[in-house]
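In my numbering, the protein residues as written are 2 to 414.
Down below is the structure, laid out as structure tokens.
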Amino acid sequence: MALLFTRTNALLLLVPKTGSTWIRAKARQLGLAVETVGDPAMRDHDLLDQYDRSRYRHIGAFVRDPIEWYRSYWAYRMERGWRPQYPLDEHCASDDFETFVRKAASILPGALENIYASYVGPPQAEIDFVGRQEHLVDDFARFLRLIGEEFDEATLREGSRVNATTTVPDYPEELKELITLSEWNTMRRFGYLADRPDPFGLAEMQAQFPEYAEDHRLLALWTEKIHWAPDDVKRAAGRPIRQQTRHARVHSNFALLAQHKYGDQDYAERRYQRALELDPNHPRTLCNYALFRWQVRGEPQEARRLMLRALAGRPMHPYTLGKLARLSDRALGDPDLAEVLYRQSLAGNDSQQDVPVELAELLVRQGRPGAAVGLLTERAARPDASDIIRSALAVLRQRVEPADSAQLQPALA
2 MALLFTRTNA LLLLVPKTGS TWIRAKARQL GLAVETVGDP AMRDHDLLDQ YDRSRYRHIG
62 AFVRDPIEWY RSYWAYRMER GWRPQYPLDE HCASDDFETF VRKAASILPG ALENIYASYV
122 GPPQAEIDFV GRQEHLVDDF ARFLRLIGEE FDEATLREGS RVNATTTVPD YPEELKELIT
182 LSEWNTMRRF GYLADRPDPF GLAEMQAQFP EYAEDHRLLA LWTEKIHWAP DDVKRAAGRP
242 IRQQTRHARV HSNFALLAQH KYGDQDYAER RYQRALELDP NHPRTLCNYA LFRWQVRGEP
302 QEARRLMLRA LAGRPMHPYT LGKLARLSDR ALGDPDLAEV LYRQSLAGND SQQDVPVELA
362 ELLVRQGRPG AAVGLLTERA ARPDASDIIR SALAVLRQRV EPADSAQLQP ALA
């Protein structure tokens, strides 16, 4: 359903959770010539494509700040019940607000972008008027003036909100940041980004590499998602993750993208440095920046210093141990230390796939092909063995000298 202003032949589409109940009540109070039109099955929320736009002098609708829209939508569903015929309800319903927001951001990222577009049209073919729920009274007055309706200003402004929910969830900044990432395009289109901080530096990343703008948004969302489970464990144990650490993770991943995909090494370094300003002791960022200083800047000793700094905070950090092993072997000329570090790395995370391959290569160079084949054979037999392991084992078997092959037969059986 929608509101048809019959005197002026204007149509107002009613977007869910943007003040529709107040608008309907106020139109009646003002004595405007209004009819409810459309499909009753849509429960007052007919979409734009259900109407012939050419039949109306003006078409309008309202939007709302996505951060408040999600809060209001969840609160309404908690009070009135979920309706699984709607994708957001079907896939994201939860009695816990945080879980609802996480599901929405990961399963249906940008869901509100599609909802709003179904009422106001695409950016290149937008309807005549788009108001904001945050300025509901003023913008409804603007709409009425636009379409040529006469109304009493004092009557319009009297009274208070109607149909307001009473459920108020806890709303930490982390969830607001998550919604901002998920609904970035919507917030930019309708002018809501100006009021939001950008701790991830997404706008800068998109401006730097505009042809991959959407990839950057999805990378930031993915970075958040993969840390939810371990972060929740730490929070439950009384060790909540600092906001700066969360932000540093995204900056660090943007640095990796700039370094390896875009080849912009100066920009990548600035991103690494920004991540370390936020969290000076973040081990993965320190390690990746160390690899950058070694591989891009040719500074293996500085790389070693950064990796040791990472290990000072997390002595058994598997990722850093593995990279320090590679550095020790290939740049610092200490294969014996490298072997120790590789084995420590695997002791911390036995599921790694690249570290066993590098360790096997080291063992071969040390004249221990049997140990190398044995290591990879055992790994290849595991259910979680990757193609990296299997391929490395096949290549290694071909490289082994015939004389060595005889002594390796028991290991290969």
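Beta carbons are placed, not taken as given, at the ideal position from N, Cα and C, and that holds for glycine.
Quick caveat: nothing in here was measured; it's all calculated off a predicted structure.
Where T37 is concerned, the enclosing beta strand (DSSP E) starts and stops at V35 to V38. Cα atoms of R8 and G149: separation of roughly 9 Å, rounded to the nearest angstrom. T19 sits buried, since 16 or more C-beta atoms from the chains shown fall within 10 Å of its C-beta. Annotated as proximal: C93 and A105, with beta-carbon spacing under 7 Å. Per the coordinates, the alpha-carbon of G39 lies some 54 Å from the alpha-carbon of D265.
Within the same chain, C288, A291, L292 and M308 come within 8 Å of K324 by CB-CB distance, once the 5 residues on both sides are set aside.
In this structure F98 touches D171 by the C-beta definition: roughly 7 Å separates them, less than 8 Å.
Under the criterion of beta carbons closer than 8 Å, A62 and V131 qualify as touching, at roughly 6 Å. In this structure, A259 sits near Y268, with a CB-CB distance shorter than 7 Å. The continuous stretches of alpha helix (DSSP H) do not include L14, which lies in the beta strand (DSSP E) extending over residues A11 to L14. The continuous beta strand (DSSP E) containing I60 extends over residues H59 to V64.
Straight through space, the alpha carbons of P124 and R190 are spaced by roughly 8 Å.
With a threshold of 16 other beta carbon atoms within 10 Å, N186 meets it and is buried. Counting only runs of at least 4 residues, the segment 123 to 170 fully encloses the following alpha helix (DSSP H) elements, listed from N- to C-terminal order: 137 to 148 and 154 to 158. DSSP places F6 within a strand segment (E or B) once states are collapsed to three. Inclusion of P384 and N350 in the CB contact set at 7 Å is not warranted, their separation being larger than that value.
With respect to the 7 Å criterion, T224 and L31 are not classified as neighbours on the basis of their beta carbons. Judged by DSSP in its simplified three-state form, T19 adopts coil rather than helix or strand. Boundaries of the alpha helix (DSSP H) harbouring W70: P67 to R81, taken from the DSSP string. The C-beta of R240 has fewer than 16 other C-beta atoms within 10 Å across all chains shown, which makes the residue exposed. Annotation: the continuous alpha helix (DSSP H) that includes D90 extends over P88 to C93.
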